[in-house]
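Heads up: the structure comes next, in structure tokens.
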Amino acid sequence: MVTFVGAGPGAADLITVRGRNLLEKADILIYAGSLVNAEHLKYTKQGCRIYNSANMTLEQVIEVMEAGVAEGLSIVRLHTGDPSIYGAIREQMDLLAEKGIEYSVVPGVSSFCGAAAALKAEFTLPQVSQTVILTRMEGRTPVPEREAISKLAVHQASMAVFLSSSMLDRLCEELMAGGYKTDTPAAIVYKATWEDEKIVHTRVGELAAAARENGIRKTALILVGDFLGGEYDRSKLYDPSFSHEFREGAE
Ligand code: SAH
1 MVTFVGAGPG AADLITVRGR NLLEKADILI YAGSLVNAEH LKYTKQGCRI YNSANMTLEQ
61 VIEVMEAGVA EGLSIVRLHT GDPSIYGAIR EQMDLLAEKG IEYSVVPGVS SFCGAAAALK
121 AEFTLPQVSQ TVILTRMEGR TPVPEREAIS KLAVHQASMA VFLSSSMLDR LCEELMAGGY
181 KTDTPAAIVY KATWEDEKIV HTRVGELAAA ARENGIRKTA LILVGDFLGG EYDRSKLYDP
241 SFSHEFREGA E
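Its first residue numbered 1, the sequence shown is counted upward by one per residue in this note's numbering.
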């Protein structure tokens, strides 16, 4: 059996209980060495065969899985954050399915949640934004034209931009082309929940300069939107005058 497991954003204790249990029982571990905290390896049992997928191709990963399954071994494929976000798991799952190999997926804490926790921020504030856009700039992986940052920016929603910290001049231009003001609050969160986490509070117009000043070029999320500012309305749910299924509001 193959299980894709989300390792969480960084800190090794941010994996789920289910993920840790599987990790402890795994006979084979294939982990994404470029971003997964190596501390997770400490939890594998003696004799667990460990592969770092950073220097493997898709075919090599599948080969290791196929051989392991043939031996009746349990295999964990450890991905950073949550595997459903830029995890390249679909292509692995489809190849396994073609070979008739069973697999399952255990979710993880994505780095956009880790970054919000680091900032003590809430993406969805009443009267500010009720939508979170998870996206990226186009790099070597193309992004459909209709999802260009300038088009998404029109919504003025809360945004978490992955895989883009080396392209901040362009990101900033596109955000402003879409309608964000130069002084819209923004944050750069480098290695959220890792020991060397770094948080930079800035504004859309100063994103690139702020990253340069702090020497940040990778492993960072760019968060943008007025949810990082000071103004919002209180929630209805906890308003004393608001009644709902579980609580009678005061007149
Ligand atoms: N599946 C992962 C994302 C993988 S793509 C998840 O759910 O988080 C890799 C990108 O994720 C990086 O370029 C960076 O933008 C972001 N990222 C991953 N871990 C991060 C962390 N601890 N802090 C900030 N950004 C992170």
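Glycine included, every Cβ here is placed at the ideal spot set by N, Cα and C. For clarity, every value in this text was computed on a predicted model and none was experimentally measured.
In chain order, what residues of the same chain lie with their CB nearer than 8 Å to the CB of residue i, ignoring the 5 residues before and after it?
i    : result
V154 : G178, G179
R270 : Not covered by the structure: residue 270. The range shown for the chain is 1 to 251.
A250 : P240, S241
A192 : P9, G10, S111, G114, A115, A117, A118, L221
Are the CB atoms of residue j and residue i within a distance shorter than 9 Å?
i    : j    : result
V224 : L168 : no
I149 : T131 : no
K45  : A12  : no
T16  : V105 : no
A26  : V76  : yes
A121 : S165 : no
G81  : F4   : no
M137 : V109 : no
Does the ligand SAH have even one heavy atom less than 8 Å from the beta-carbon of residue i?
i    : result
D82  : yes
F162 : yes
S104 : no
E197 : yes
H40  : no
A186 : no
G33  : no
L221 : yes
A54  : no
T114 : As written in the sequence, residue 114 is Gly, which differs from the Thr given in the question. Yes, since a heavy atom of the ligand SAH falls inside the 8 Å radius drawn around the Cβ of G114.
G19  : no
Grab me the residues of residue i's own chain with a C-beta within less than 7 Å of its C-beta, minus the 5 sequence neighbours each way, in chain order.
i   : result
R20 : Y43
N52 : Y31, G33
With a threshold of 6 Å on Cβ separation, who are the neighbours of residue i within its own chain once the five nearest residues in sequence on each side are excluded?
i    : result
F18  : The sequence as given places Arg at residue 18; Phe does not occur at that position. The answer, listed in chain order, is V106.
A157 : S129, T131, I133
L95  : I62
D233 : P126, Q127
Compute the Euclidean distance between the alpha carbons of residue i and residue j, then round it to the nearest angstrom.
i    : j    : result
E66  : G100 : 10 Å
L14  : L58  : 27 Å
A116 : E71  : 42 Å
L29  : A187 : 34 Å
L73  : P144 : 40 Å
H79  : A209 : 31 Å
C172 : E102 : 44 Å
R294 : H201 : An answer regarding residue 294 cannot be provided, because it is not within the stretch 1 to 251 covered by the chain.
Hey, which unbroken runs of the alpha helix (DSSP H) at 4 residues or more fall wholly within the region 63–110?
-> 90–98
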